[in-house]
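Residue numbers (our numbering), protein chains in the order written: chain A, 1 to 303; chain L, 1001 to 1299; chain Z, 2001 to 2355; chain C, 3001 to 3355; chain R, 4001 to 4397.
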Amino acid sequence: MKRDIELAVQPPAVARPPRRSHFTPARIGIYLFLISAALFFLVPLYVMLVTSVKPMAEIRLGNIFALPLAPTVEPWRNAWQAACTGLECEGIRGGFWNSVKITVPSVVLSIALGAVNGYALSFWRPRGANLLFAVLMIGAFIPGQVMLYPLVRALAAVELYSSLPGIVIVHIVFGMPMMTLLFRNYYAALPQELFKAARIDGGGFWRIFFALMLPMSTPVIVVALIMQVTNIWNDFLLGLVFAGSDNLPMTVQLNNIINTTTGERLYNVNMAATILTSLVPLALYFFSGRWFVRGIANGAVKG
Amino acid sequence: MVAVRRPGSSLACFSAYLALVPMAAVALGAYVLTILWTARVSVSSSRIFPAGDFVGLGQYERLFRNARWLLSLENLAVYGLLFIAACLVLGFLLAVFIDQKVAGEGMLRTVFLYPYAMSFVATGLVWQWILNPELGVQQVVRHLGFDTFAFDWIVQQDKVLYTIVIATVWQASGLVMALLLSGLRGIDEELWKAARIDGIPKWRVYVSIVLPMLWPSLSTAFMLLFVMVVKLFDAVVAMTQGGPGTASEVPAKFIMDYLFGRANIGLASAASIVLLLTVLAIVAPLYYARGKAAQRGRS
Amino acid sequence: MANVSIRNLQIQLGANKVIDALDLEVDAGEFIVLLGPSGCGKSTLLHSIAGLNDAAGGQIRIGGRDMTYADPKDRGIALVFQSYALYPTMNVERNMSFGLRINGTPKAEIERRVARAAEMLQLGPLLKRKPAELSGGQRQRVAIGRAIVRQADVFLFDEPLSNLDAKLRTELRRELKTLHRQLGATMIYVTHDQVEAMTLADRMAVMKGGVIQQFDTPDAIYRAPENLFVATFLGSPGMNLFEGRIDTRGGLRFVTEHMALDVAHYPFRQPPTDGQRVVLGVRPEDVDVAADGHADGFYRAPVALVEAMGAHRVVWHSFHGTQVAAIVQDDRPGGAFALRGGQISLFDATTTQRL
Amino acid sequence: MANVSIRNLQIQLGANKVIDALDLEVDAGEFIVLLGPSGCGKSTLLHSIAGLNDAAGGQIRIGGRDMTYADPKDRGIALVFQSYALYPTMNVERNMSFGLRINGTPKAEIERRVARAAEMLQLGPLLKRKPAELSGGQRQRVAIGRAIVRQADVFLFDEPLSNLDAKLRTELRRELKTLHRQLGATMIYVTHDQVEAMTLADRMAVMKGGVIQQFDTPDAIYRAPENLFVATFLGSPGMNLFEGRIDTRGGLRFVTEHMALDVAHYPFRQPPTDGQRVVLGVRPEDVDVAADGHADGFYRAPVALVEAMGAHRVVWHSFHGTQVAAIVQDDRPGGAFALRGGQISLFDATTTQRL
Amino acid sequence: VQPPPAAPLRATVSHWWTSGGESAAIRQFADAFTRAGGQWIDQAVAGADQSRASTINRIVGGNAPVAAQFNTSKQFRDIVDQGLLNNVDDVAAQGSWDKVLPQTIIDVIKINGHYYAAPVDIHMPAWFFYSKAAYAKAGIKAEPKSWDEFVAQLDKLKKAGLIPLAFGGQVWQEKILFDAIFALVGGSELYLKIYRDRDIKAVHSPAFRDVLVKFKALRGYTDPGSPGRNWNDATALVVSGRAGVQIMGDWAKGEFTSAGQVAGKDFGCFPGFGAKPPYMVAGDAFVFPKTAKPQIVKAQKLLAAVMTAPGPQAEFSARKGSIPIRPDVDMTKLDLCARMGIEIMQDKSRQLPNAEMLLDPDLNGALQDVLTNYWNRNETPERAQQAFAQAIKDNTW
Ligand SMILES: Nc1ncnc2c1ncn2[C@@H]1O[C@H](COP(=O)(O)OP(=O)(O)OP(=O)(O)O)[C@@H](O)[C@H]1O
Ligand SMILES: Nc1ncnc2c1ncn2[C@@H]1O[C@H](COP(=O)(O)OP(=O)(O)OP(=O)(O)O)[C@@H](O)[C@H]1O
Ligand SMILES: [Mg+2]
Ligand SMILES: [Mg+2]
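1. Quick one: residues in its chain with C-beta nearer than 6 Å to the C-beta of R1298 of chain L, no 5 flanking neighbours on either side, listed in chain order?
2. List the residues of chain C whose Cβ lies closer than 9 Å to the Cβ of L2339 of chain Z, in chain order.
3. Mark E3257 of chain C as exposed unless 16 or more other C-beta atoms lie within 10 angstroms of its C-beta, in which case mark it buried.
4. Figure out for me which residue from L:Q1156, L:G1261 and L:R1290 has the closest Cα to the Cα of R4052 of chain R.
5. Give me the pocket residues for ligand 3, defined as CB within less than 7 Å of any heavy atom, sorted by chain position.
6. Where does K3208 of chain C sit, in a helix, a strand or coil, going by DSSP?
7. Taking only the alpha-carbon atoms, compute the straight-line gap between L2234 of chain Z and K3167 of chain C and give it to the nearest angstrom.
8. Hey, is W4375 of chain R's beta-carbon within less than 8 Å of any beta-carbon in chain L?
9. Under three-state DSSP, which class holds A4384 of chain R?
10. By the three-class DSSP mapping on this structure, what secondary structure does E6 of chain A have?
11. Where does C4269 of chain R sit, in a helix, a strand or coil, going by DSSP?
12. Check the Cβ-Cβ distances between R4052 of chain R and every residue of chain L, and say whether any is below 8 Å.
13. Looking at the C-beta of S1015 of chain L, does it have a partner C-beta in chain A at a distance below 8 Å?
14. Starting from R3173 of chain C, trace the alpha helix (DSSP H) both ways and give me its first and last residue.
15. Run through chain R and tell me which residues come within less than 8 Å of I276 of chain A, C-beta to C-beta.
16. Using 8 Å as the threshold, is the segment 3306 to 3322 of chain C in touch with the segment 3264 to 3283 of chain C, meaning 3 or more CB pairs across them?
17. Is L69 of chain A buried or exposed, if buried means 16 or more other CB atoms sit within 10 Å of its CB?
18. According to DSSP, which residues form a beta bridge with A4166 of chain R?
19. Taking the straight line between their C-alpha atoms, what separation do you get for D2071 of chain Z and E1190 of chain L?
20. Whole-angstrom Cβ separation of V2080 of chain Z and A2015 of chain Z, contact assumed at under 8 Å?
21. Would you please state the rounded distance, in angstroms, between the beta carbons of K4320 of chain R and D4121 of chain R? I believe it to be under 8 Å.
22. How big is the Cα-Cα spacing for E2111 of chain Z and Y2087 of chain Z?
23. From the DSSP secondary-structure annotation, give me the bridge partner or partners of G4038 of chain R.
24. Measure the alpha-carbon distance for R1185 of chain L versus L1179 of chain L and round it to whole angstroms.
25. Let's see if you can read the secondary structure: which residues bound the alpha helix (DSSP H) around F3298 of chain C?
26. Between which two residues does the beta strand (DSSP E) holding L2156 of chain Z run?
27. At a Cβ threshold of 8 Å, is M1213 of chain L touching chain Z?
28. Would the C-beta of C3040 of chain C count as close to ligand 1, meaning under 7 Å from any of its heavy atoms?
29. Using the rule of at least 16 other Cβ atoms within 10 Å of the residue's Cβ for burial, across every protein chain shown, is I336 of chain A buried or exposed?
30. Out of A:V50, A:G86, A:A112 and A:Y119, which one is the CA nearest neighbour of R184 of chain A?
31. Restricting to Cα atoms, I'd like to know which of R:I4163, R:P4008, R:W4017 and R:V4185 is closest to W4251 of chain R.
32. Thinking A2260 of chain Z and V2289 of chain Z are a contact (beta carbons under 8 Å), I'd like their distance in whole angstroms, please.
33. Check for me: the alpha helix (DSSP H) holding H1143 of chain L runs from which residue to which?
34. Based on the DSSP secondary-structure assignment, which residues constitute the bridge partners of T2186 of chain Z?
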């Protein structure tokens, strides 16, 4: 009864606050920031896209922001399947499967090794491992080109030079410092107690890694994927030097198209080829979202 | 007698050592060997091929007489500071804003990351155009009626470095965003609740609670960016070729020039060693300090 | 000083409807204890009052204002998390003072309040430590400290003393009571410790499966539980239960196969019917114990187990398949028991509601 | 079945020397309860036995073998973490079965044991949930489940029931005791609940500041605490203490300004000297209460506070500045109290050790 | 496609000709090689530095190409010294290279009496290309006959609101510009004294100072957008008539051609001013990494023979924009500028080796550094002379 009266007395005019509005000033600010940042990021892409559909005559006019007067998809077709890159004139598609053949094992192995290293360094801390890691980190600062000569000699010595395994090994070598660091620091942020619990449960090195740590690593694996797929997919120098002529990645062709020194430069084809080549990493970026899991360690420990 | 280990020994088991064999092989077989080899070459008179002679520190003396090398180091310091700071700040902001459960997250993430996927040979050229006073932004703004507008950093000796900062930040901050995002997402939701109860404004939570918790991710990002700085090459070649003059020369380009075009790997090796020692001088104290902090923090 | 009024609240977590149509009226300045089995929705309710869960329906009013969808910081509440949720990178002092510093409390005042909380919680020497360097109980005290430095209208405590030793718990219980009196704030307090519940609560709410079963003073709930669940849930051990019938022929009696008890003086809410199936409940402390069954009203039953509890012992009698617990202060051995007729409860066997 | 023998153990955490020269001998199959104030090093000790802390010195032998530096998995132990440490990516079932799957237990056997643990812990409907979707008490039960599905020689429980309701706690306490009897395993159990301690422990160790103060049966420790710390730490409320002197003139008496008590029958370990400064301790349940002080041996003292505890009440008398607690079963109002001479303890005032 | 005859001579050929025109050119060699019984396996890598790096690494790794492109310069000197190349003396003897090749090229490829490279083209890196439209707009009638006339024309262009000198401010373009001015203003003698003989005294001479001053004077005729600009973007300025003249290698013709412009009609070219301006000789050559496998040696010799033969030379040059290495080829397909070049080449006194032929890459680079500093900074000619001399001293081992 009393409750009813109270309800009646309550002025109906008091509007109930909306259920979590989506247009608070803060949210508008967020979108404003994101959109303006996105615009800034997109300006070069805009120029690239516009350039890629202009005929060369228009490009020579020098209005880089202008929309094409006579848009053409010829440069794209050209880039994909017709542009000459030396004697062959089949665009960049020629090396596509080679790139895949190189990228997949290199990415998988380099991430796997990085994860294992990071895990061992963070949780098991074997004697001397930190020293090795320090060496690795210093090594990361050696310009890759300086390492070419010794690596060529070393791989030639074990007869892996100019072969698919050879290039994969090289990518692993170059990827290891950053992959190890990435995983090591990620694992350092996980609750140490989980590892202890698994140890009590009798988990050995590998078991804990596969059953416990790996499932908790999805966000960092995505980051590692982003880094390695991009680096390896886009690499051309290492592929050129180590892969052997049968395995040249698509970026060698890309480089041949866009990096000519004394020949004429077809900017429109260059842009199209560049965008085409980057589609694989771009697709990865786009679809990686669901692996950026929120609160991966929620509910694990109290305190 | 059974399974007795000495006090103070670490946790490691046989598997842990086994698992680190590849890392040891890479660290010792690739990096240490390369460093030693490079050191050896740097005290020889090698040109295209490593030579077996010994010329003492001749290459180093030559190196430090070379004004371009000294300028490269100086440029690297200025560039490095600006680039790392800008990338961390922008990457963090992007990560934070994108973490607000915004619509179109996947799209935005891709937009911020795409520069990372593209060869700088092409995007560098585009930046060169955009920044060019006759083609790019300056021209456009002047066409809009602002006749005195000037944005010609890329042709100014004293400003050109900033244009490289802009373009490389554009390229790398997306990656920093992804890295920090992965860290952000790992933070326990309960902490957010606690902060909401405490009435702490969101930005403040990010600054005072989340940022310190992101320390591992930040340090990864820092190292990553630092390596990018030291290896900076593509962007400079694509945008300025080290110019105007030598105003945007950087050590990696110096090394590459001598390694390939100028066919003097002796000097290039000496430069690599100097670069490495410089890096070591910067990183070692950081590493040491962090190790100390970590020791206090855990175990 | 603010009352809390919850009407028809509905909370959904993931796929689970955790709270469904819950009503609760807490007066301003009251000290309410929430009691209930693990997983019944206590934490969820506190979080909802605090504004951390989105209500799927219903209304929450605090201090007379509709706060159903208000931001937590606007509700004037403080909450001690069951899981502590300490800021891992801040030391104890900063953990406690952070909220104050943000809302611009003067520095001297912050220091005063933190010092006071630290003293009360015996955290003095730990102020510079990070949470990772604290023991479980110490962390819990920091979590309490973080809440009580704030001058909230409503304090929500989620099992705040569960990981503390009995002595400290007693001390803190008293301190919280004092604090309550000083601040005059409304407090809602979840605990599994019935001593805590009894000593702290002005009123007590017993929950089960997201529904409040009884909301009354501790004494009333203890003496006159509303249903069988409350009867067995409270007390340690809970009420002894006997299933039987009402016999109205020749007075008003509760009868089972082995037992008969006069319940003529029982304050029935509705007049019972003959043969109605009922459950009789007696608290263990209302069970008398004798060495044998010769005395009047005593039933002979072998002693199954004796639990020494320090201050008292629990003697378990095995009576035709049911275990009957009796709390004994001295060292009587047992062997027969009697029920004190004045202190019984009767429940309908089908609805399980109090008669 | 394995005994645990700890000698001169030293544990350092960060800059803190948490445990210094600790000795503890646990017989095979014994149920030991560790009791001590928050932050005294209980968890640290358990973690050390489990091999999760590196010993700075000393020795830990389990089942007769030196395990000081052995791998946790080789020690034959199971541990319930105070902080649960559940595997966040695994559901309840997999959390519990993880250890079994690792050591290659047959699938059917795993299922059986998990089902049994789930039933005992009332986790049945939650088996497919992830830890983040559980309530605090549910998480704690999963943590228990993870330990008890294993057939360890030594079980280490770190406050395993702290977040459970009284009823469940009582049930689980009994289940654990049963489990203990079935497996015959050694159990070391940390708790702050003295009822738990009393009912479970074969022997009980009371710790303070990393040092074991007394290690004996619960009863012995309760009745005859070794020092003032143990005396006040145990019991709720703890012992009532009175400072005074020994008076040997005319018998053997304990005297204060306001009180005199014959202690001739007290089993002194060493003969007391006249005028020796001592502290007398009496448990609240050994304090008699009367309405006024006319009866023999009763001291008149105003009642300061009455705490209703459900089954009993604590009546606090204010006696010349000291608070004297008495536990009363019935509803006597109080106003005067007397000490039962047979149940007192005497401590040296300077060493705080029992006389 | 015809199935190749039994066991063709397979030859992987590494080069950096990757643009459309260049590809068409190299195809001429490939086709000729195929016709001669070989099988050409193409290894194009854009970027001279990268291509050479890959070649050298493949030699080191034991997987060398059969033939690899280098510039006709001192770039491969070190490889020869290491004994890692096969010579092609047989082919040279057969083709009597000693007689048909210009001496400037022989000086580079004949080392210790052996031919270690097969030259394939001659490039002139310092042509003057001008837009006829722009010249008309500025009211300029004729090509300049002297430095002063040239400067006067630049002034006119400037007055007409055009960019007088189309220029890309990159180190190598600066060097090309400088070498052009050096040869034209300083004269071949001074040029050789400094570049070939490394005569420090000549560096400090007033004549060289004059070269530096005039070089720097050109800076006033470039536009503010020039720093960092690619050469072809500069060419595009000439093509579109926005700029007057560009000093660039003959490869720039390709840009005019692909924009549909014709030499002599839409644009003009001249190799310099003065009575008999020197013709700077640069070019490309293929070297043949050492191997003992007879099949490969055979392939190498066949390649060398094919690439230097008159037929393929004519076809190649027509597409490449360069001029053939020998005078006895069919010139009809060549453009106006190339024909002009061939004519000049007849006069041996006008052949002038370009800097790369005379200088180690190392020293050449060091001089580039000196010049770019001088060009871009506010530096006195004296200081540049000083730095020039120092660089020569430092880089002479
Ligand atoms: N990582 C650490 N570094 C430094 N000191 C620590 C660390 N962890 C714990 N301590 C300290 O060691 C002492 C013992 O901690 P421990 O967790 O063993 O206590 P406890 O007896 O389990 O307490 P509680 O009942 O509160 O859980 C505490 O005083 C604590 O502050
Ligand atoms: N995120 C979630 N998703 C789905 N169900 C959840 C989630 N969190 C909690 N639950 C369920 O909601 C119910 C209520 O949880 P709550 O934490 O409120 O219980 P509680 O009363 O606090 O229990 P305890 O005493 O064990 O802490 C539980 O049964 C739990 O399993
Ligand atoms: Mg809860
Ligand atoms: Mg503990």
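C-beta: ideal position from N, C-alpha, C; glycine also.
To lay it out plainly:
1. For R1298 of chain L, the predicted model reports a pLDDT of 46, less than 50, meaning its position is unreliable; a value from the coordinates is still stated below. In its chain, beyond the 5 residues on either side, no residue has a beta carbon closer than 6 Å to the beta carbon of R1298 of chain L.
2. Against chain C, a Cβ distance below 9 Å from L2339 of chain Z picks out nothing, because the smallest value is about 16 Å.
3. So E3257 of chain C counts as exposed.
4. Closest option to R4052 of chain R, judged by alpha-carbon separation, among L:Q1156, L:G1261 and L:R1290: L:G1261.
5. Taken from the N-terminal end onward, the list reads Z:K2042, Z:S2043, Z:Q2082, Z:D2158, Z:E2159, Z:V2190, C:S3135, C:G3136 and C:G3137.
6. Strand.
7. CA-CA distance, L2234 of chain Z to K3167 of chain C, rounds to 8 Å.
8. Cβ-Cβ to chain L under 8 Å: yes for W4375 of chain R.
9. Helix at A4384 of chain R.
10. In this predicted model, E6 of chain A has a pLDDT of only 40, less than 50, meaning its place in the structure is not dependable enough to derive any value.
11. Looking at C4269 of chain R - three-state DSSP - the assignment turns out to be strand.
12. Chain L contact via Cβ: present.
13. Cβ-Cβ to chain A under 8 Å: yes for S1015 of chain L.
14. If you look at R3173 of chain C, you'll find it in the alpha helix (DSSP H) that goes A3166 to L3183.
15. Note on residue identity: the sequence assigns Leu, not Ile, to residue 276 of chain A. Result: empty, since nearest Cβ-Cβ is about 17 Å, beyond 8 Å.
16. No, the segment 3306 to 3322 of chain C does not touch the segment 3264 to 3283 of chain C.
17. A residue is called buried once 16 or more other Cβ atoms fall within 10 Å of its Cβ, and L69 of chain A, having fewer, is exposed.
18. The partner list for A4166 of chain R (beta bridge, DSSP) reads R:Q4246.
19. Roughly 16 Å separates the two Cα atoms.
20. Wrong, their Cβ atoms sit about 28 Å apart, outside the cutoff.
21. A Cβ-Cβ distance of about 6 Å is found for the pair K4320 of chain R and D4121 of chain R, placing them in contact under the 8 Å criterion.
22. Each residue's alpha carbon lies about 19 Å from the other.
23. DSSP, once it has assigned bridges, lists R:L4009 as partnering G4038 of chain R.
24. Rounded to the nearest whole angstrom, the C-alpha separation of R1185 of chain L and L1179 of chain L is 10 Å.
25. F3298 of chain C -> no alpha helix (DSSP H), and no H or E assigned at all.
26. Going by DSSP, L2156 of chain Z is part of the beta strand (DSSP E) stretching over V2154 to D2158.
27. At least one chain Z Cβ lies under 8 Å of M1213 of chain L.
28. Answer for C3040 of chain C: yes, Cβ within range of ligand 1.
29. Beyond the ends of chain A as shown, which are 1 and 303, falls residue 336 of chain A; an answer cannot be given.
30. Closest option to R184 of chain A, Cα to Cα, is A:Y119.
31. Closest option to W4251 of chain R, judged by alpha-carbon separation, among R:I4163, R:P4008, R:W4017 and R:V4185: R:W4017.
32. Between A2260 of chain Z and V2289 of chain Z a beta carbon distance of about 20 Å is seen, past the 8 Å cut, so the two are scored as non-contacting.
33. That run of the alpha helix (DSSP H) goes V1137 to H1143.
34. Beta-bridge pairing by DSSP links T2186 of chain Z to Z:V2154.
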